[in-house]
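Residue numbers (our numbering): 1096 to 1518. By construction, the Cβ of each residue, glycine as well, lies at the ideal position given by its N, Cα and C atoms.
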């Protein structure tokens, strides 16, 4: 394969492959770069006669010589898509598919898309605001025996969207999933060691961390909601997939207030730090309103078929990960109490905690309190007896009418965890 040279837009402090001196020193369009292997060369130096080996990232690159394209019309616009893939002759090869939500968090998705298109084949970098994950994942079916690496760039909601799409696609070979956090809370990414949010780090450094990450089977849970009917009319059952946590009560009330106001005034919720300030404001408001006062009298809960007697609570949280509410390790609490059981992402158990109030939530977030640990279980059943109660699953809130909520194990996902920074 020959080098594909373009002029300008060179990385900083990149050395010429011919003379070893730095390229791109002057503020103008100068010197050349291979778009595949990232080799750079001065205009005045002789170009290397060696063939392009795709550089350090060739394990993840979809080589242009391995694909054929076809033209399709999408909403009146002609686009090129991959029609066929031929496995390249070298090993290891694990093509990366980057699925980015450009609207997540601080709207960093657009710059992330540009940087990955700069390093990889643009055909393997997709904006899921334009192309839904199910359509983007069709490329995996063109080489069904190849295990793809799906890099999800977005918040917890984006991760859940992509994992659900993978379930629907029923791929022959399960892909690996990794996360680049671009959302507000990013609890899923925090629990896997990928940090609280993308802070304009070098993309090549992130790819190096991915190459050294460990693969685990991450528990996921099915949340079935059977609403009580009115006047003898049955309402359809709703089923959700939980990757992070499910809550009902004061915690969900804050998320619901945030969600409703963001829908009405999206321009006020485009900054990650400002979004956290809004959460603080809605939490403070609920301290005084206490809309979920004596929630324990309106619900009943069973863990593995055993009824649990509830103290006076305003909220219940079901935890699948070690990070909740933007980084709080709820199960561990203050660290002063002995835990009834260790928390793991792959143990087939879900942790159930109670919240005394929104003020209690605030104290938990700064490590000054412990939750009401109700236990660990393989199945959970919650009965909402009366009234409407705020509920949320992985950050998606709603007002829940009287119902029966059943939580049980769902098929796990293959997730990449960054060992050295696991919280």
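### Query
Nearest to residue 1271 by alpha carbon, out of 1487, 1242, 1301, 1256?
For the purposes of this step, residue 1271 is identified with residue 176 of the chain shown, where counting begins at 1. Considering only alpha carbons, the answer is 1242.
### Query
Which one of 1471, 1407, 1427 has the shortest CA to CA distance from residue 1401?
As a working note, residue 1401 is residue 306 in the chain shown. Proximity to residue 1401 across 1471, 1407, 1427 peaks at 1471, based on C-alpha coordinates.
#### Entry: Alpha carbon of residue 1184 to alpha carbon of residue 1247, nearest angstrom
On the chain shown, position 89 is the one that residue 1184 refers to. On the chain shown, position 152 is the one that residue 1247 refers to. Near 27 Å, if we compare the C-alpha coordinates of residue 1247 and residue 1184.
### Query
Do residue 1408 and residue 1440 have their CB atoms nearer than 9 Å?
Walking along the chain shown from the start, residue 1408 turns up at place 313. Walking along the chain shown from the start, residue 1440 turns up at place 345. For residue 1408 and residue 1440, no; Cβs fall outside 9 Å.
### Task
Return helix, strand or coil for residue 1511, following the three-state DSSP convention.
Stepping through the chain shown from its first residue, residue 1511 is reached at position 416. Residue state, collapsed to three classes: strand.
### Proximity below 9 Å, CB of residue 1222 to CB of residue 1196
Translated into positions along the chain shown, residue 1222 becomes position 127. Translated into positions along the chain shown, residue 1196 becomes position 101. A contact, by the Cβ cut-off of 9 Å.
### Query
Can you tell which of 1219, 1371, 1119 has the C-alpha that lies nearest to the C-alpha of residue 1155?
As a working note, residue 1155 is residue 60 in the chain shown. If we check each option's Cα against that of residue 1155, 1219 comes out closest.
### Query
Can you name the start and end residues of the beta strand (DSSP E) that residue 1319 belongs to?
The count along the chain shown starts at 1 and reaches residue 1319 at position 224. Looking at the DSSP string, the run of the beta strand (DSSP E) that includes residue 1319 is 1309 to 1322.
#### Entry: Range of the contiguous alpha helix (DSSP H) that encloses residue 1253
The residue you call residue 1253 lines up with position 158 of the chain shown. Residue 1253: member of the alpha helix (DSSP H) spanning 1251 to 1264, first to last residue.
### As assigned by DSSP and simplified to three states, the class of residue 1409
Stepping through the chain shown from its first residue, residue 1409 is reached at position 314. Three-state DSSP puts residue 1409 in coil, outside helix and strand.
### Query
When you compare only the Cα positions, how much space is there between residue 1102 and residue 1162?
Numbered from its first residue, the chain shown carries residue 1102 at position 7. Numbered from its first residue, the chain shown carries residue 1162 at position 67. Near 25 Å, if we compare the C-alpha coordinates of residue 1162 and residue 1102.
### Task
Determine, using beta carbons only, whether residue 1112 comes closer than 9 Å to chain B.
Checking the listed chains, one finds no chain B in this structure; it contains a single protein chain.
### Query
Could you give the distance in angstroms between the alpha-carbon of residue 1379 and the alpha-carbon of residue 1424?
If you number the chain shown from 1, residue 1379 lands on position 284. If you number the chain shown from 1, residue 1424 lands on position 329. When the Cα atoms are used, residue 1379 and residue 1424 turn out to be separated by approximately 21 Å.
### Message
Within the continuous beta strand (DSSP E) that includes residue 1130, where are the two ends?
### Response
For the purposes of this step, residue 1130 is taken as the residue at position 35 of the chain shown. Premise fails: residue 1130 is in no beta strand (DSSP E) and is neither H nor E.
### Query
With a CB to CB cut of under 7 Å and the five nearest residues on each side skipped, what residues in its chain are close to residue 1130?
Taking the first residue of the chain shown as 1, we reach residue 1130 at position 35. 1099, 1101, listed in sequence order.
### Task
Indicate whether residue 1136 and residue 1118 have their beta-carbon atoms separated by less than 9 Å.
In the chain shown, counting from the first residue as 1, residue 1136 sits at position 41. In the chain shown, counting from the first residue as 1, residue 1118 sits at position 23. A contact, by the Cβ cut-off of 9 Å.
### Message
Please report the distance separating the alpha-carbon of residue 1370 from that of residue 1411.
### Response
Here residue 1370 refers to the residue found at position 275 when the chain shown is read from its first residue. Here residue 1411 refers to the residue found at position 316 when the chain shown is read from its first residue. Their Cα atoms are separated by approximately 23 Å.
### Task
Use the C-beta contact count for residue 1330: other C-beta atoms within 10 angstroms, 16 or more gives buried, fewer gives exposed.
For the purposes of this step, residue 1330 is identified with residue 235 of the chain shown, where counting begins at 1. By the neighbour-count rule (16 or more Cβ atoms within 10 Å), residue 1330 is not buried but exposed.
### Message
Assuming residue 1303 is part of the alpha helix (DSSP H), what are its boundary residues?
### Response
The residue you call residue 1303 lines up with position 208 of the chain shown. Counted as a single uninterrupted DSSP element, the alpha helix (DSSP H) harbouring residue 1303 occupies residues 1298 to 1306.
### Option in 1255, 1305, 1376, 1350 with minimal Cα separation from residue 1337
For the purposes of this step, residue 1337 is taken as residue 242 along the chain shown, with counting starting at 1. Residue 1255 holds the alpha-carbon nearest to the alpha-carbon of residue 1337 among 1255, 1305, 1376, 1350.
### Task
Leaving aside the five residues before and after residue 1426 along the sequence, list all residues of the same chain whose C-beta is less than 8 Å from its C-beta, in chain order.
Sequence index remark: in the chain shown, residue 1426 carries index 331 (1-based). Excluding the 5 residues flanking it on each side, residue 1426 has same chain C-beta neighbours closer than 8 Å at 1414, 1417, 1434, 1438, 1446, 1448, 1466, 1468, in chain order.
### Query
Just checking my contact of residue 1490 with residue 1350 at CB under 8 Å: how many whole Å lie between their CB atoms?
Translated into the one-based positions of the chain shown, residue 1490 becomes position 395. Translated into the one-based positions of the chain shown, residue 1350 becomes position 255. With a beta-carbon spacing of about 6 Å, residue 1490 and residue 1350 fall inside the 8 Å limit used to define contacts.
### Task
Give the DSSP bridge partners of residue 1503, in chain order.
Numbered from 1 along the chain shown, position 408 holds the residue referred to as residue 1503. Per DSSP, 1317.
### Same chain only: Cβ atoms within 7 Å of residue 1374, ignoring 5 sequence neighbours per side
Translated into positions along the chain shown, residue 1374 becomes position 279. Close CB contacts of residue 1374 within its chain, under the 7 Å cut and outside five residues either way in sequence, are with 1349, 1353 (chain order).
### Task
Could you tell me the distance, in whole angstroms, from the CA atom of residue 1237 to the CA atom of residue 1282?
As a position in the chain shown, residue 1237 is number 142, starting the count at 1. As a position in the chain shown, residue 1282 is number 187, starting the count at 1. The straight-line gap from Cα to Cα measures roughly 33 Å.
### Same chain, Cβ closer than 6 Å to residue 1499, neighbours up to 5 away in sequence not counted
Within the chain shown, the letter at position 404 stands for residue 1499. 1321, 1478.
### Among 1300, 1190, 1512, 1240, nearest to residue 1217 - alpha-carbon criterion
By one-based count along the chain shown, residue 1217 stands at place 122. The residue with the shortest Cα to Cα distance from residue 1217 is 1190.
### Among 1460, 1226, 1265, the one whose alpha carbon lies nearest that of residue 1508
As a first step, residue 1508 must be located in the chain shown, where it is residue number 413. Among 1460, 1226, 1265, the Cα nearest to that of residue 1508 is on 1265.
### Task
Return the first residue and the last residue of the beta strand (DSSP E) that residue 1271 is part of.
Within the chain shown, residue 1271 is the residue found at index 176, counting from 1. For residue 1271, the uninterrupted beta strand (DSSP E) run begins and ends at 1271 to 1276, by DSSP.
### Query
Can you name, in chain order, every residue of its own chain whose Cβ lies under 7 Å from the Cβ of residue 1211, other than the five neighbours on each side?
The sequence position of residue 1211 within the chain shown is 116, counting from 1. Take residue 1211, set aside five residues on each side of it, and the residues of its chain with a beta-carbon closer than 7 Å to its own are 1193, 1220, 1298, in chain order.
### Task
Look at the Cβ atom of residue 1251, then the Cβ atom of residue 1284, and state whether they are nearer than 9 Å.
Translated into the one-based positions of the chain shown, residue 1251 becomes position 156. Translated into the one-based positions of the chain shown, residue 1284 becomes position 189. Residue 1284 sits close to residue 1251, with the two beta carbons spaced by under 9 Å.
### Message
Is the separation between the beta-carbon of residue 1513 and that of residue 1308 shorter than 9 Å?
### Response
The sequence position of residue 1513 within the chain shown is 418, counting from 1. The sequence position of residue 1308 within the chain shown is 213, counting from 1. For residue 1513 and residue 1308, yes; Cβs fall inside 9 Å.
### Message
Could you check whether residue 1267 and residue 1239 sit closer than 9 Å to each other, using their CB atoms as the reference points?
### Response
The sequence position of residue 1239 within the chain shown is 144, counting from 1. The sequence position of residue 1267 within the chain shown is 172, counting from 1. Yes.
### Query
According to the neighbour-count rule (16 or more other Cβ atoms, all chains shown, within 10 Å of its Cβ), is residue 1106 buried or exposed?
Position 11 of the chain shown holds residue 1106. By the neighbour-count rule (16 or more Cβ atoms within 10 Å), residue 1106 is not buried but exposed.
### Query
Near residue 1134, which residues of its chain fall below 8 Å by C-beta distance, leaving aside the five closest residues on each side in sequence?
Indexing the chain shown from 1 puts residue 1134 at position 39. Excluding positions up to five away in sequence, the list reads 1098, 1112, 1128, 1143, 1147, 1150.
### Task
Measure the alpha-carbon distance for residue 1419 versus residue 1233 and round it to whole angstroms.
In the chain shown, the residue the question calls residue 1419 occupies position 324. In the chain shown, the residue the question calls residue 1233 occupies position 138. The alpha-carbon separation between residue 1419 and residue 1233 amounts to approximately 33 Å.
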